[in-house]
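Asker: With our numbering, letter number 132 in the sequence shown gets 228, and the count goes up by one each step, no holes.
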Amino acid sequence: MAIANLFVPLRLKARAAASASGRQVQVDSNGEELACSRGLVDALYPPLLTLVRHIIERRLEQAPERQRVGKPEHGTIVLDARHDAGHLGFSIGDDGGGLGSARCALAGVDSAALLRSLSADLAGHPLSDDQIAAWKAQRPTVRIEERLGRDTTFHLSVPTAVVSVVTAAGAPPTAARAVRVLFVDDSLMVRKAAEKFLRALGAEVSIAIHGEDGLAQLGARSFDLVLTDLEMPRMTGYELIERLRQMPTCAAVPVVVVTSRSGENYREQAVMHGANDYITKPFNQETFAHLLHKWVGAGSLVA
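1) Which residue's Cα is closest to the Cα of PRO344: LEU136, GLN120, TYR141, VAL104?
2) Once DSSP output is grouped into helix, strand and coil, what is the label at PRO350?
3) With burial defined as no fewer than 16 other Cβ atoms inside 10 Å of the residue's Cβ, what is the status of SER253: buried or exposed?
4) How is SER213 classed by DSSP in three states: helix, strand or coil?
5) So ALA131 is in the alpha helix (DSSP H); what residue range does that whole segment cover?
6) Would DSSP call PRO255 helix, strand or coil?
7) According to DSSP, which residues form a beta bridge with HIS369?
8) Which residue spans inside the region 272-311 form an unbroken alpha helix (DSSP H) run of at least 4?
9) Among ALA139, GLN120, VAL121, whose alpha-carbon lies nearest the alpha-carbon of ASN101?
10) Roughly how far, in whole angstroms, is the beta-carbon of LEU388 from the beta-carbon of VAL275, given that I think they are within contact range, below 8 Å?
11) Would you call the CB atoms of ASP124 and ASP190 closer than 8 Å?
12) Exposed or buried, VAL398, counting other C-beta atoms within 10 Å across all chains shown (16 or more means buried)?
13) Could you check what DSSP says for PHE186 in three-state terms: helix, strand or coil?
14) Based on the DSSP secondary-structure assignment, which residues constitute the bridge partners of ILE240?
15) Just curious, the beta strand (DSSP E) that LEU323 is in, first and last residue?
16) Determine the closest residue to VAL148 out of ALA112, HIS183, ASP282, with distance taken between C-alpha atoms.
17) If you draw a straight line from the C-alpha of MET328 to the C-alpha of LYS232, how long is it?
What follows is the structure in structure tokens.
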């Protein structure tokens with residue numbers, strides 16, 4: 097699975113939170129093409145979302161204040177991933193006002209205590225005990241780098257030996273299962289062709305006839321990959337992607353648009369709503385083999 101499955105929903109959440117609070121933000125990322133396990137994506141998403149939310153709600157200044165101190169009107173968040181000497185490293189940097197007095201309180205604390213402190217400082221849902229446990233199971237280290245009033249960067253590192261064997265619940269894998277794919281399209285002929293190709297590749301396939309059907313299935317069980325058309329009755333693909341990105345259990349699930357629309361404006365809208373990838377019809381078995389390798393990473397997953 098690609099790091100993009102982690103960074104894309106984080107970018108969307110950052111933009112949504114900034115918009116809701118009247119702030120402007122640009123979110124850049126590096127290393128999205130790097131591979132990691134689904135378990136790591138699931139374990140890291142809640143903690144990294146906490147860090148992103150803390151930037152928006154507590155450290156990123158409003159436009160007038162930024163202009164007063166000589167900064168651009170819009171804030172900048174940079175998400176970075178890299179492989180480094182047996183570790184998978186992540187950095188989340190921002191050009192906000194810094195941690196202030198909280199910097200001293202966080203100095204020297206372990207990563208779990210740091211996350212609990214930042215989470216408690218935010219409105220809404222704090223990190224749960226299970227989310228903290230899944231984070232600790234990755235054996236992470238965290239280092240804070242700050243230039244007071246100018247920028248702050250959280251550097252996180254996870255041993256790759258842990259990345260390969262720990263699931264989202266923080267326990268060793270016990271069994272393998274087929275990749276679970278949800279295919280959403282209102283055309284019977286397209287659905288039958290897609291199901292045939294995906295099953296031939298060893299995937300466990302669920303079919304939805306429109307966006308509402310797809311959303312209901314996403315609420316009932318977990319999937320490793322979602323493939324969706326755009327133009328459908330009752331709920332479009334755009335609406336489906338936007339709704340599923342609001343579901344905590346689906347925020348990091350890779351979504352690929354499969355459509356006959358080849359215009360760049362359709363592609364841009366799909367990405368803006370939260371799609372990870374975009375392909376145009378017609379497709380064949382090789383098309384889906386490439387997508388499974390790119391977004392899931394293997395023919396079977398940890399149960």
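All C-beta atoms, glycine included, are put in the ideal place defined by N, C-alpha and C.
Answerer: Walking through what the data contain:
1) TYR141
2) coil
3) buried
4) helix
5) First-last for ALA131: undefined, no H or E at that position.
6) strand
7) In the DSSP output, where bridge partners are listed per residue, HIS369 has none listed.
8) 284-296
9) ALA139
10) 6 Å
11) no
12) Only weak support is given to the placement of VAL398: the predicted model assigns it a pLDDT of 37, under 50, and the question is left unresolved by the model.
13) strand
14) PHE250
15) 321-324
16) ALA112
17) 42 Å
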